[in-house]
Amino acid sequence: MAAAVATALGVPLDASALAAASAAASRAAERVRGADRDRARVHLEALFTAAGVPAARLDEVGACLRRLHAERNLWCRLEPGTRASLERLRASGLRLAVVSNADGRVEEALDAAGLRDCFDVVLDSAVVGVEKPDPAIFRAALGALGVAPDRALYVGDLYDVDVVGARAAGMHAVLLSPGPAEHDCPTFGTLVALVDDLLTGGRS
7 MAAAVATALG VPLDASALAA ASAAASRAAE RVRGADRDRA RVHLEALFTA
57 AGVPAARLDE VGACLRRLHA ERNLWCRLEP GTRASLERLR ASGLRLAVVS
107 NADGRVEEAL DAAGLRDCFD VVLDSAVVGV EKPDPAIFRA ALGALGVAPD
157 RALYVGDLYD VDVVGARAAG MHAVLLSPGP AEHDCPTFGT LVALVDDLLT
207 GGRS
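Okay, here's the thing in structure tokens:
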């Protein structure tokens, strides 16, 4: 994203600037009450503003990102250790699912990231017709997995969308967040840390 926006707008921008702004952008998105597309817009605007893009040019940023997203899904960058962590969970006997508020291309994104085979079930809100935090989409995943709610753990990155929705469906929930813990649920900085905690009898 940094390279594409920098080229399109003719402004200096690099990936490290976006990474540094990630935690603040996630907090801004969490404060949004509305559809997931509204949270995504606020997240991206906060991300690029904090990274030094003038507010007056955010419409251009949005247009650039929409073009880029149409060409290749933007939400498929992997943190180091992601696949190995998922494989550890599967090797332990756990069944895994993805429940995503998306545009109908979640499976495509997982294929592009080389992760689709790690999951037993993939639910995309654009396909299912309901999006988080509605508990119905979480219950659909539980039904597809054949798992009781109190035996399931949902891992998300937005409290009001993921934790609230999962709890309404009777599930346990944790957050992945690069910032400090600010909520009444376990929070982990990385998937690697979460999986280490789960598989060694940790707090979650």
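The numbers in this note's numbering rise by one with no breaks, and the one at position 71 of the sequence shown is 77.
Beta carbons: idealized from backbone N, C-alpha and C, even for Gly.
(message) Any contact between the region 47-58 and the region 88-100? By contact I mean 3 or more CB pairs, one from each, below 8 angstroms.
(response) No, they do not touch.
(request) Would you check if the region 102-116 and the region 124-135 touch, i.e. whether three or more CB-CB distances between them fall below 8 angstroms? (result) Contact holds: three or more Cβ-Cβ distances are below 8 angstroms.
(request) Take ARG122 and list the residues in its own chain whose beta-carbon comes closer than 8 angstroms to its own, dropping the five residues that flank it on each side. (result) Shown here for ARG122: same chain residues with a beta carbon closer than 8 angstroms to its own, the five before and five after excluded, namely GLU113, LEU116, VAL128 in chain order.
(request) Would you identify the three-state DSSP class for ALA154, choosing helix, strand or coil? (result) Here ALA154 sits in coil by DSSP.
(request) Could you say if the region 30-41 and the region 66-79 meet the contact criterion of at least three C-beta pairs nearer than 8 angstroms? (result) The region 30-41 vs the region 66-79: no contact.
(request) Return no unless some Cβ of chain B is closer than 8 angstroms to the Cβ of PRO139. (result) Of the chains in the structure shown, none is chain B; there is only one protein chain.
(request) Go ahead and label THR13 buried or exposed: buried means 16 or more other beta carbons lie within 10 angstroms of its beta carbon, across all protein chains shown. (result) The residue in question, THR13, is exposed, as its Cβ has fewer than 16 Cβ neighbours within 10 Å.
(request) Rounded to whole angstroms, what's the CA-CA distance from ARG63 to SER98? Just pull it up for me. (result) About 48 angstroms.
(message) Can you check which of these residues, ALA9, CYS124, PRO184, is closest to ARG101 by C-alpha distance?
(response) Ranking ALA9, CYS124, PRO184 by Cα distance to ARG101 puts CYS124 first.
(request) Taking the CB atoms as reference points, tell me whether GLY171 and LYS138 lie closer together than 8 angstroms. (result) For GLY171 and LYS138, yes; Cβs fall inside 8 angstroms.
(request) May I ask you to report which of helix, strand or coil DSSP gives HIS189? (result) The DSSP-derived three-state label of HIS189 is coil.
(message) Could you give the first and the last residue of the continuous alpha helix (DSSP H) run that contains VAL170?
(response) Unbroken alpha helix (DSSP H) run through VAL170: 170-174.
(message) So the candidates are ALA146, GLY68, ASP166; which of them puts its Cα closest to the Cα of VAL104?
(response) Checked all of ALA146, GLY68, ASP166; the closest Cα to VAL104 is ALA146.
(request) Would you mind sorting ALA41 into buried or exposed? The rule is 16 or more other CB atoms within 10 Å of its CB. (result) Residue burial is scored here from C-beta neighbours: ALA41 has fewer than 16 other C-beta atoms within 10 angstroms and is therefore classed as exposed.
(message) Could you give the first and the last residue of the continuous beta strand (DSSP E) run that contains GLY40?
(response) For GLY40, no beta strand (DSSP E) encloses it, and the DSSP letter there is neither H nor E.
(request) Could you say which of THR193, PRO184, GLU188, VAL134 lies nearest to TYR160 if we only look at CA atoms? (result) Among THR193, PRO184, GLU188, VAL134, the Cα nearest to that of TYR160 belongs to THR193.
(message) For ARG45, count the other beta carbons within 10 Å of its own beta carbon; 16 or more makes it buried, fewer makes it exposed. Which is it?
(response) Taking all protein chains in view, the Cβ of ARG45 is crowded by 16 or more other Cβ atoms within 10 Å, so the residue is classified as buried.
(request) Return the CA-CA distance between GLY284 and ASP166, expressed in angstroms with no decimal places. (result) What the structure shows of the chain is the stretch from 7 to 210, and residue 284 is not part of that stretch, so it cannot be assessed.
(request) Just the C-alpha distance for LEU74 and ALA10, rounded to the nearest angstrom, thanks. (result) Taking the straight line joining both Cα atoms gives about 8 angstroms.
(message) Could you give the first and the last residue of the continuous alpha helix (DSSP H) run that contains GLY162?
(response) Segment 159-162 is the beta strand (DSSP E) holding GLY162; no alpha helix (DSSP H) there.
(request) Pull up the DSSP beta-bridge partners for HIS178, would you. (result) DSSP, once it has assigned bridges, lists LEU159 as partnering HIS178.
(request) State the CB to CB distance for the pair GLU85 and THR196, rounded to an integer number of angstroms; the pair is presumed to be in contact (CB under 8 angstroms). (result) Between THR196 and GLU85 the Cβ distance is about 6 angstroms, and since that is below 8 angstroms, they are a contact.
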